[in-house]
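>
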Amino acid sequence: MNYRHGFHAGNHADVLKHVVLLALLEALMRKDAPFFVLDTHAGRGRYLLQGGQAGRTAEAATGILRLAGAKKPPAVIARYLQAVAADNPVDALLVYPGSPLLTAQAMRAQDRLAACELQPEEAAALKDLFARDARVAVHARDGYDAVRALLPPRVDGVRIARGLVLVDPPYEAQDEEYPRVARAVREALERWPQATCAIWYPIKQRRSLQPFFRKLEAIPARSLLLAELLVRPDDSPLRLNGSGMAILNPPWKLDEAIAPALPFLQQKLGETGAATRLEWLKRDVG
1 MNYRHGFHAG
11 NHADVLKHVV
21 LLALLEALMR
31 KDAPFFVLDT
41 HAGRGRYLLQ
51 GGQAGRTAEA
61 ATGILRLAGA
71 KKPPAVIARY
81 LQAVAADNPV
91 DALLVYPGSP
101 LLTAQAMRAQ
111 DRLAACELQP
121 EEAAALKDLF
131 ARDARVAVHA
141 RDGYDAVRAL
151 LPPRVDGVRI
161 ARGLVLVDPP
171 YEAQDEEYPR
181 VARAVREALE
191 RWPQATCAIW
201 YPIKQRRSLQ
211 PFFRKLEAIP
221 ARSLLLAELL
231 VRPDDSPLRL
241 NGSGMAILNP
251 PWKLDEAIAP
261 ALPFLQQKLG
271 ETGAATRLEW
281 LKRDVG
């Protein structure tokens, strides 16, 4: 696998993913009890925007950089921008924090993160990043295998009841990746039924995702919510036209929290023909 997230750091897909991630973490922090996060494809945790991989593709220019200085953004967007700014000098945007760093910044002393990364170079950078943070365990291993090894989570022998499984694979071989994602999420919820599972997925042509959605609907979960941002029409299978987050067992009122973000992101990041979607494929009405 040759994928490196650094080439795409801070793009429109990262923006959507991390806005939703922070909304999920905020919901978990409404209670004092500890929570656990498993990040199955964590990457290196922090990415330089002004050089290296991100500088070569400049995808952040049509993502996070378009949001910088936004006036009166929705609360969920403001929280995201504050989290990104916290890892940068005042009035500058030099680095972009990945999902494990955003998670660790949001966590409290009692919360825990297991960040998995298979690529040795990326895993080494991730270990360096969290070398002094006892709340974070970095695992240089396949994130799908970690579902079986690390769930249900325990800290000092005590089981943690609440938490999140974030699945954000590269989708290099999509015919293989989507079934692996569905199997991993099914196993995660079998082992840890109280968990929320959040899956990032790319959108090139939306209709091609229907078999994947059917697999997710078949997983025993109380509810399933989709949040999508298309920055252009999905009429090309050769480019990333948008992305989405599929959330199984989302926390109460998550849809209301992220709803204002989608039209705002469409306006700021979208081209002609941009669109959003916020839809329940399965909803707990009990």
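In UniProt numbering, the protein residues as written are 1 to 286.
Glycine included, each C-beta is placed from N, C-alpha and C at the ideal position.
The model shown is predicted, which means the values in this text are computed figures rather than measured ones.
(1) Taking LEU67 and VAL15 to be in contact with their CB atoms under 8 Å, please state how far apart those CB atoms are, rounded to whole angstroms.
(2) Just to confirm, are TRP280 and LYS17 a CB contact at a threshold of 8 Å?
(3) Can you list, in chain order, the residues of its chain whose CB lies under 6 Å from that of ASP111, leaving out five sequence neighbours each side?
(4) Please classify ASP234 as buried or exposed, where buried requires at least 16 other C-beta atoms within 10 Å of its C-beta.
(5) Assign THR272 to buried or exposed, taking buried as 16 or more other Cβ atoms, counted over all protein chains shown, within 10 Å of its Cβ.
(6) Can you give the beta carbon distance from ALA182 to LEU216, rounded, assuming they're within the 8 Å contact cut?
(7) Which term fits GLY157, buried or exposed, when burial requires 16 or more other beta carbons within 10 angstroms of its beta carbon?
(8) Would you say HIS12 and LEU229 are within 8 Å of each other, going by their C-beta atoms?
(9) Would you kindly work out how many angstroms separate the C-alpha atoms of GLN50 and GLY43, rounded to a whole number?
(10) Thinking C-beta only, is LEU265 closer than 8 Å to GLY244?
(11) If we call anything under 8 Å between Cβ atoms a contact, is residue 322 one with HIS5?
(12) Given this structure, state the Cα-to-Cα distance separating LEU278 from VAL37, to the nearest angstrom.
(13) ARG222 and ASN249 look like a contact to me (Cβ under 8 Å); what is the Cβ gap, rounded to whole Å?
(14) CB-CB under 6 Å to ALA275, same chain, minus the five flanking residues each way: which ones, in chain order?
(15) Taking the alpha carbon of ARG46 as the reference point, which residue from LEU93, ASP32, SER236, ALA75 has its own alpha carbon closest?
(16) Taking ASP168 as the reference, which of ASP32, TYR178, ARG186, LEU28 has the closest Cα?
(17) Bridge partners for THR196 per DSSP, in chain order?
In terms of the structure at hand:
(1) One-based indexing of the sequence shown puts residue 67 at position 67. One-based indexing of the sequence shown puts residue 15 at position 15. Their Cβ separation, rounded to whole angstroms, is 7 Å, which keeps LEU67 and VAL15 in contact under 8 Å.
(2) To locate residue 280, count along the sequence shown from 1; it is residue 280. To locate residue 17, count along the sequence shown from 1; it is residue 17. Against a cut-off of 8 Å, the Cβ pair of LYS17 and TRP280 comes out as no contact.
(3) Working through the sequence shown from its first residue, we reach residue 111 at position 111. Within the same chain, ASP111 has close Cβ partners PRO34, PHE35.
(4) Against the sequence shown, residue 234 aligns to sequence position 234. Its Cβ being crowded by 16 or more others within 10 Å, ASP234 is buried.
(5) The count along the sequence shown starts at 1 and reaches residue 272 at position 272. When all chains shown are included, THR272 counts as exposed.
(6) Position 182 of the sequence shown, counting from 1, holds the residue named residue 182. Position 216 of the sequence shown, counting from 1, holds the residue named residue 216. Yes, ALA182 and LEU216 are in contact; Cβ-Cβ is about 6 Å, under 8 Å.
(7) As a working mapping, residue 157 is identified with position 157 in the sequence shown. Result: exposed.
(8) Against the sequence shown, residue 12 aligns to sequence position 12. Against the sequence shown, residue 229 aligns to sequence position 229. For HIS12 and LEU229, yes; Cβs fall inside 8 Å.
(9) Counted from its first residue, the sequence shown places residue 50 at position 50. Counted from its first residue, the sequence shown places residue 43 at position 43. C-alpha separation (whole angstroms): 18 Å.
(10) Numbered from its first residue, the sequence shown carries residue 244 at position 244. Numbered from its first residue, the sequence shown carries residue 265 at position 265. For GLY244 and LEU265, no; Cβs fall outside 8 Å.
(11) Residue 322 is absent from the structure shown; the chain starts at 1 and stops at 286.
(12) Taking the first residue of the sequence shown as 1, we reach residue 278 at position 278. Taking the first residue of the sequence shown as 1, we reach residue 37 at position 37. When rounded, the distance between both Cα atoms is 24 Å.
(13) Counting from one through the sequence shown, the residue named residue 222 turns up at place 222. Counting from one through the sequence shown, the residue named residue 249 turns up at place 249. About 5 Å separates the two Cβ atoms, so the contact holds.
(14) Within the sequence shown, residue 275 is the residue found at index 275, counting from 1. Cβ within range, chain order: LEU230.
(15) Your numbering for residue 46 matches position 46 in the sequence shown. Of the listed residues, the one whose Cα sits closest to ARG46 is LEU93.
(16) In the sequence shown, the residue the question calls residue 168 occupies position 168. Per the Cα distances, TYR178.
(17) The residue labelled residue 196 in the question sits at position 196 within the sequence shown. LEU164.
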